[in-house]
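Residue numbers (my numbering): 331 to 863.
The beta carbon of each residue, even a glycine, is placed where N, CA and C say it ideally should be.
For clarity, every value in this text was computed on a predicted model and none was experimentally measured.
The block underneath contains the structure these notes are about, expressed in structure tokens.
As structure tokens, then:
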């Protein structure tokens, strides 16, 4: 029996609620007459937007009757949220993309009743995607498996192989293969709609969007579209339509593994895209414009920010799909070792993308740190670096027979910054120079007399310029501290090489945003950044 709030029943979904979960607003229905009006709106970009009316939700491909049969038969039916759903009423169930929802009632085609933990409520059926292999996954959930987080990207897939409890491994594998193929085809359509429905129209309206804005909003979405089309073409060649479980798709992921790195640039740019869209959506003409784009392209009723999120979601889903495929692939299957290798590759890709995204989210802190250092000279840290790898105090000897100086060192990717503490205010730093790590190599130094510097050293290492033969010697207080520095220098070189491999860099837009954040923070404190005084 369903546990419902007082006065609520599965037969009374909140049809009339206006769901303003996305930035762009729908146009009044009386103002729309097919693609002709939408096309006119693209040209005119009216300054005002009519009152939002009820959205027409896209229907899930698996009928509510089929789902209800499973529920009434005692099968646990789970779904994964494809989009964020903001609850606009007490009886609605709020969730984030990726959340797992237990479906309790699906008698209505548009609104289902579900449960997350102890919370129950209504939610739009089009915002979730039913799991494949429901019975098998239900067992895993009951056992407390972490796989409750596994799911699939696209809400439009028609591969929902339900109602076959404890299927054999071949059928399970066929289900997963069909799921992967279906989500890839629908994902290609999403990318096509973004490029043709939104990006192309924005480029036409030079009175509304400049080149920088278009670049920030859409990033390298066209590169992703071209890459995915080639990837899907190869997947289709390996897909066995008669016996899907015999398909060998693992090699496709391995052959295209380098191409997936283009998602790094898109994911790194996504936060800036959201910020730019948020600013534009404060103006009615942009709300009107983007809604007209969607109508003209005949896209599902999701706002532009929802569509632009799909590549970020997609790259994160590949390891989940491959893990599930490997689970149902016998070791003697010809695809087994390729799927296992593909899973390792895609996990590494997503891990590195997430790491670089984290670094970009922290660049404001680097800019704020630099602004706090007195007497700064030369280029900004963000011109070359994006990560503080290690910091500590060392004694430093720069020239032969030179005296030792105590400095605070900050190791970033590409450069080592030297600072001096104020004699009285030890929390104040003065800039004293930097070392270009791309031109230097790190060498361990043996305890004892150093002939080059004519000094006795302990717990020391050297930085040697490969071009000029110039050397620096650094002395730590303890051996453990020296070893930490050596590991940090090794990590710095590894990071630089990986960044070069995938073309990771901070955009000029992101640098400007970081600088603006510094000015905003210091202005709130009633002072100017020290570096800019």
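State buried or exposed for residue i, treating a residue as buried only when at least 16 other CB atoms are found within 10 Å of its CB.
i, result
"residue 846", "exposed"
"residue 571", "exposed"
"residue 673", "buried"
"residue 599", "buried"
"residue 827", "exposed"
"residue 689", "buried"
"residue 776", "exposed"
"residue 402", "exposed"
"residue 664", "exposed"
"residue 524", "buried"
"residue 628", "exposed"
"residue 608", "exposed"
"residue 820", "exposed"
"residue 680", "buried"
"residue 748", "buried"
"residue 314", "This structure leaves residue 314 out entirely; the chain is present only between 331 and 863."
"residue 636", "buried"
"residue 774", "exposed"
"residue 536", "exposed"
"residue 694", "buried"
Which of helix, strand or coil does DSSP assign to residue i?
i, result
"residue 863", "Its pLDDT being 40, under 50, residue 863 is placed unreliably by the model, and the measurement read from it follows with that caveat. It is coil, neither helix nor strand."
"residue 381", "Low local confidence applies: a pLDDT of 35 at residue 381 is under 50, so the model's placement there is unreliable, and no value is given."
"residue 653", "helix"
"residue 761", "strand"
"residue 583", "helix"
"residue 522", "helix"
"residue 725", "strand"
"residue 680", "helix"
"residue 423", "coil"
"residue 441", "strand"
"residue 452", "strand"
"residue 685", "helix"
"residue 663", "coil"
"residue 692", "coil"
"residue 415", "strand"
"residue 771", "strand"
"residue 790", "strand"
"residue 753", "coil"
"residue 742", "strand"
"residue 806", "coil"
"residue 776", "coil"
"residue 736", "strand"
"residue 826", "helix"
"residue 547", "helix"
"residue 703", "coil"
"residue 503", "helix"
Are residue i and residue j closer than 9 Å when you measure CB to CB?
i, j, result
"residue 409", "residue 458", "yes"
"residue 651", "residue 510", "yes"
"residue 569", "residue 548", "no"
"residue 436", "residue 407", "yes"
"residue 559", "residue 518", "yes"
"residue 623", "residue 543", "no"
Quick one, which of the options has its alpha-carbon nearest residue i's?
i, options, result
"residue 590", "682, 788, 694", "682"
"residue 398", "416, 428, 441", "441"
"residue 700", "762, 652, 680", "762"
"residue 502", "778, 574, 586", "574"
"residue 675", "818, 585, 702", "585"
"residue 296", "741, 722, 654", "Here the chain comprises residues numbered 331 to 863, so residue 296 is not present and cannot be evaluated."
"residue 564", "647, 583, 546", "583"
"residue 806", "765, 721, 781, 825", "721"
"residue 639", "601, 820, 727", "601"
"residue 654", "504, 444, 611", "504"
"residue 801", "791, 842, 808", "791"
"residue 743", "760, 795, 769", "769"
"residue 829", "685, 450, 507, 789", "685"
"residue 326", "461, 439, 456, 430", "The question about residue 326 has no answer here: the residues shown for the chain are numbered 331 through 863."
"residue 753", "588, 745, 455, 736", "736"
"residue 746", "567, 767, 788, 452", "767"
"residue 405", "670, 461, 451", "461"
"residue 714", "841, 456, 526, 782", "841"
Using 8 Å for Cβ pairs, my map puts residue i next to residue j. What's the rounded Cβ distance?
i, j, result
"residue 725", "residue 734", "5 Å"
"residue 610", "residue 616", "4 Å"
"residue 668", "residue 660", "Contact flag wrong, Cβ pair sits at about 13 Å."
"residue 738", "residue 723", "5 Å"
"residue 772", "residue 816", "7 Å"
"residue 795", "residue 808", "That belief does not hold up - the Cβ atoms of residue 795 and residue 808 are roughly 27 Å apart, past 8 Å."
"residue 551", "residue 521", "7 Å"
For a cutoff of 9 Å on Cβ pairs, would you count residue i as touching chain B?
i, result
"residue 549", "The chain labelled as chain B is not found in the depicted structure, where only one protein chain is given."
Does the ligand PLP have a heavy atom nearer than 8 Å to the CB of residue i?
i, result
"residue 620", "This structure does not include the ligand PLP; it has no bound ligands of any sort."
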